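All the letters of the sequence shown, read from the start, carry residue numbers 1 to 782 under UniProt numbering. Glycine included, C-beta positions come from ideal geometry on N, C-alpha and C. Note that the structure is predicted; figures quoted are calculated from it, not measured.
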Amino acid sequence: MKLSLSSRRYRRITKRIIKRREYFATLSDTNLQAQTGKLRAQINSGSTLKDIMVDAYAVVCVADERVLGLAPFDNQILGAVAMEFNNIVEMKTGEGKTLTATMPMYLHGLTGPGNFLITANSYLANRDAEQMGRVYRWLGLTVMPGVAAEGQDDNQRDRQAIYAADIVYTTNSGLGFDYLFDNLAANPTEQFLHGFSFALLDEADAVLLDTASTPLIISGAPRVQSNLYGMADQMVKLLDEDRDYERSEDTKNVWFTADGIQRMERFFGITGLLGEHYADLYRHLVLALRANVLLVRNRNYVVENGEIILLDRANGRQLQGMKMQAGMHQAVEAKEHLHITQEQRSMASITYQSLFRMFHQLAGMTGTAKTDADEFLETYRLAVYTVPTHKPMIRDDLPDKLYVTNTAKLMAALDVVKRAHANQRPVLVETGSLSLSNLFSRLLLREGIPHNLLNARSAAKEAKIVAEAGNMGAVTVATSMAGRGTDIRLADGVVEKGGLLVLGTERMDNPRIDNQLRGRAGRQGDPGTSIFFTSLEDTVVQENSPRWVAKYRERHASRRQQQLRLRGRFKGVVNAAQKRLMVSQRASRFQTLQYGEVFRIQRESIYRTRNRVMNSQNLDASVQRVIHNVAADYVQQHPQYQEADILDFIYQNVDSDFLPSALPQLGRPQERVVYLEQLIKDRIQRKRQQLPANDQWQYFQRVAILKAIDNAWIDQVDNLESLQAITNNRSLAQHNPIYEYQMESQRSYGVMRGKVKLNIVRNLLQSVLVMKPDGSIDLQFA
């Protein structure tokens with residue numbers, strides 16, 4: 001086998017680590033523990049992490065064996081080396097990714113805070129922080145779980161202590177929300193993050209691809225309630241598909257046609273529906289169209305007790321308490337004729353794509369990554385490196401079984417489970433949704449087959465059930481993503497039965513997920529079998545296949561013998577549907593990345609400004625610049641002198657008690673700029689007399705500026721979300737939605753900056769200072 005240059009390099013480094021491990025194994029515990037201080041001293045003297053990697057990895061390998069009783073295999077060391085060179089390492093299930101991670105995490109932990117291991121859920125984060133943390137602590141590093149354990153109050157977490165640790169085990173959502181909250185702090189003492197140095201992503205494909213487009217949103221400020229939802233819903237229900245609107249071939253997007261736009265304009269008696277004047281109406285129509293066409297009841301959501309409850313597409317579970325953003329939830333409520341709930345504005349938002357692209361260095365590990373190597377490289381600049389298994393893989397991956405209908409497919413799958421169970425062979429049945437898991441469970445009960453239905457709401461319970469799936473005679477029914485991160489070890493006697501049988505009841509959205517399911521069996525050289533039962537009624541086939549498939553399904557659904565031979569046009573029907581969906585999903589993620597990049601630039605600019613304000617010891621010069629800009633902006637926007645206009649500006653922003661007789665004649669624009677600037681400075685000087693102590697005055701200015709920034713940013717986040725929804729559906733007349741979004745967002749950002757400056761002046765001058773009996777001051781802003 002010919003090895004690439006990088007692979008040969010990794011193997012050479014691995015051999016050096018193995019050699020050094022022999023030396024460190026001769027040291028006493030005390031001398032081995034002392035290596036941490038020596039390695040840190042080398043870093044402080046200018047050595048890079050690559051310079052000390054061999055010794056650091058060798059040290060932690062010996063520590064793993066002494067503390068955990070687990071000595072990393074050569075292939076695990078090889079995988080750890082590849083991670084340090086910005087790779088996503090593909091290691092099959094059971095190959096020991098958790099232990100492998102101790103090497104890069106220890107190396108980066110030597111640099112201090114800012115290093116994270118991102119894992120699938122809070123249970124795994126807390127479990128691994130405790131188990132692997134024994135090694136790090138023994139070597140003198142600090143480690144903390146970054147998320148609350150199940151049953152623990154999240155508000156009781158000491159975030160300052162957590163993020164001061166050298167290594168933090170956390171989840172992607174936990175880190176993302178903490179990043180957003182950190183940037184909503186009112187003063188530096190409330191912040192807790194120490195920067196993003198290194199992140200190692202466990203199940204990297206799930207984080208960077210499957211949930212990449214998912215926005216993390218902190219909602220708070222309510223919107224003014226709109227009465228357009230019901231009207232927009234009624235309008236959309238009158239439209240005809242293909243004439244007034246069209247769907248994409250993958251049914252994931254929908255847009256109005258030119259005829260549809262004209263029909264709606266006639267309905268409302270207006271012209272220029274796509275113009276800025278009717279932007280809010282058009283936004284509601286787009287939301288109504290998506291709600292009625294793309295979101296399907298009992299698949300995307302259910303209605304219970306008069307409420308919309310979202311369903312997790314990955315496993316079909318109810319997402320209690322979660323709502324769609326940017327008005328989408330309210331549009332679905334209107335569709336279902338429910339009470340329209342209060343729409344919340346987003347205070348802060350970030351996607352996982354943007355979050356993890358912020359790290360100085362990124363690496364990952366997963367059982368399946370090669371199929372999406374191009375996207376990892378293009379989006380995250382991460383190559384994929386496949387590590388050989390420690391023992392040869394002997395799992396038997398059987399060809400798919402294809403049927404016309406779901407019913408025929410499930411009955412055939414049930415027969416296979418019955419035969420395996422009769423032989424006491426353990427079976428893991430994987431489904432694509434919670435509803436299908438429940439249905440298969442009922443079929444098993446009807447046959448009298450005892451089984452575990454993995455629908456626990458607790459990740460810890462999931463892990464326990466999955467871990468027992470290799471017991472003699474066990475039958476476990478689970479959704480595709482359930483129990484991820486937990487190995488299935490075979491009980492005594494199971495090897496003789498052929499090992500674990502993994503049975504998929506449908507092919508998933510991506511071959512990568514199918515491979516993950518197959519990987520449940522055949523870990524570390526164990527025997528095992530995988531097989532998928534598919535049908536022409538499977539979701540991935542129905543939504544992504546040519547029309548002849550639907551016609552064939554309709555004609556032959558009642559046939560007695562429904563199994564189809566995988567030849568001719570049926571040979572690749574499922575694979576072709578998957579490939580079509582993969583292309584669509586990748587395009588969607590790329591579009592999300594493009595939108596997110598515009599958002600990122602503005603978000604980081606605002607956060608940098610906030611941090612400068614919070615950390616500034618004296619804001620006087622900044623306020624003086626703002627005063628000049630506010631005066632100049634007003635005059636530029638009002639080139640013709642109108643006494644009523646300038647008085648209104650003064651009353652609203654500077655001095656509500658200003659006497660009209662005090663306003664002089666101001667003919668030239670420059671005279672008006674100078675007058676307004678001096679008036680604002682004069683009123684600020686009066687305000688300062690109420691706060692003679694400089695530290696009080698600086699605090700007052702800081703709060704006034706931050707409040708102006710935060711209020712304007714909330715409006716801008718809300719505006720960007722609405723703008724994305726509108727431009728994403730404006731594909732008429734050669735419109736480029738990304739270009740339009742960029743142009744509109746830049747324009748609105750400029751408007752926002754002007755609002756920030758004006759509101760700083762207003763907050764400084766129109767606020768009320770109330771002295772409390774204890775001598776403190778209460779600030780009340782208008």
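Within the region 122-154, the complete beta strand (DSSP E) segments of 3 residues or longer fall at 143-145, listed in chain order.
Going by DSSP, N452 is part of the beta strand (DSSP E) stretching over 452-454.
Burial state of W255 is buried, judged by a 10 Å Cβ sphere holding 16 or more other Cβ atoms. Shortest Cα-Cα distance from V623 to any of I162, L765, D715 involves L765. Rounded to the nearest whole angstrom, the C-alpha separation of G473 and L434 is 23 Å.
R425 is a Cβ neighbour of V494, given a cutoff of 9 Å. DSSP, reduced to helix, strand and coil, places A326 outside both helices and strands of the structure shown, so it counts as coil. The C-beta of W697 has 16 or more other C-beta atoms within 10 Å across all chains shown, which makes the residue buried. Beyond the five residues adjoining it in sequence on each side, A71 comes within less than 8 Å, by CB distance, of C61, D64, E65 in the same chain, given in chain order. In this structure, the straight-line span from the alpha carbon of N452 to that of D374 is close to 38 Å. Bridge partners of I218 according to DSSP: A348.
With a cutoff of 9 Å on beta-carbon distance, L110 and I162 are scored as not near each other. Counting C-beta pairs closer than 8 Å gives fewer than three between the region 19-34 and the region 95-112, which falls short of the contact rule. Judged by beta-carbon spacing, N187 lies beyond the 9 Å limit of M743, meaning their Cβ atoms are not closer than that value.
As for any beta strand (DSSP E) of minimum length 3 sitting wholly inside the region 393-452, the runs are 401-403, 427-431, ordered along the chain.
The alpha helix (DSSP H) runs lying completely inside the region 633-662 and spanning 4 residues or more are 643-653, given in chain order.
Apart from sequence neighbours up to five positions away, the residues of its chain that approach V236 with a beta-carbon distance below 7 Å are L285, A288, L289, N292, ordered along the chain. In this structure, the alpha-carbon of S656 lies about 33 Å from that of E343. With a minimum length of 4 residues, the unbroken runs of alpha helix (DSSP H) contained wholly in the region 462-550 fall at 511-518, 539-544.
Between the C-alpha atoms of I760 and Q685 there is a straight-line separation of about 15 Å. Here D695 is exposed, its C-beta having fewer than 16 other C-beta atoms within 10 Å.
In the structure shown, the three-state DSSP call for F116 is strand. The same chain holds no residue with a CB closer than 7 Å to that of N155 once the five nearest residues on each side in sequence are set aside. Cβ-Cβ distances below 7 Å link A557 to V404, T405 in the same chain, with the five nearest sequence neighbours on each side left out; the list follows chain order.
By the beta-carbon neighbour count (other beta carbons within 10 angstroms, threshold 16), A693 is exposed. The beta carbon of R688 is closer than 8 Å to those of W697 in its chain, skipping five residues each way along the sequence.
Straight through space, the alpha carbons of N227 and L723 are spaced by roughly 19 Å. The C-beta distance from V147 to S122 rounds to 4 Å, short enough to meet the 8 Å contact threshold.
Taking 9 Å as the cut-off, the Cβ atoms of F532 and D509 do not count as close. In the displayed model, G272 falls within coil according to three-state DSSP, outside both helix and strand. For E241, there is no enclosing beta strand (DSSP E), as DSSP marks it with neither H nor E.
The region 361-368 and the region 202-221 touch, with three or more beta-carbon pairs separated by less than 8 Å. Between the region 635-642 and the region 592-610, the count of C-beta pairs closer than 8 Å stays below three; the two stretches do not touch. In this model, L414 and V541 are separated by some 21 Å (Cα to Cα). With at least 16 other beta carbons inside 10 angstroms of its own, D210 counts as buried. As DSSP reads the structure, A279 sits in no beta bridge.
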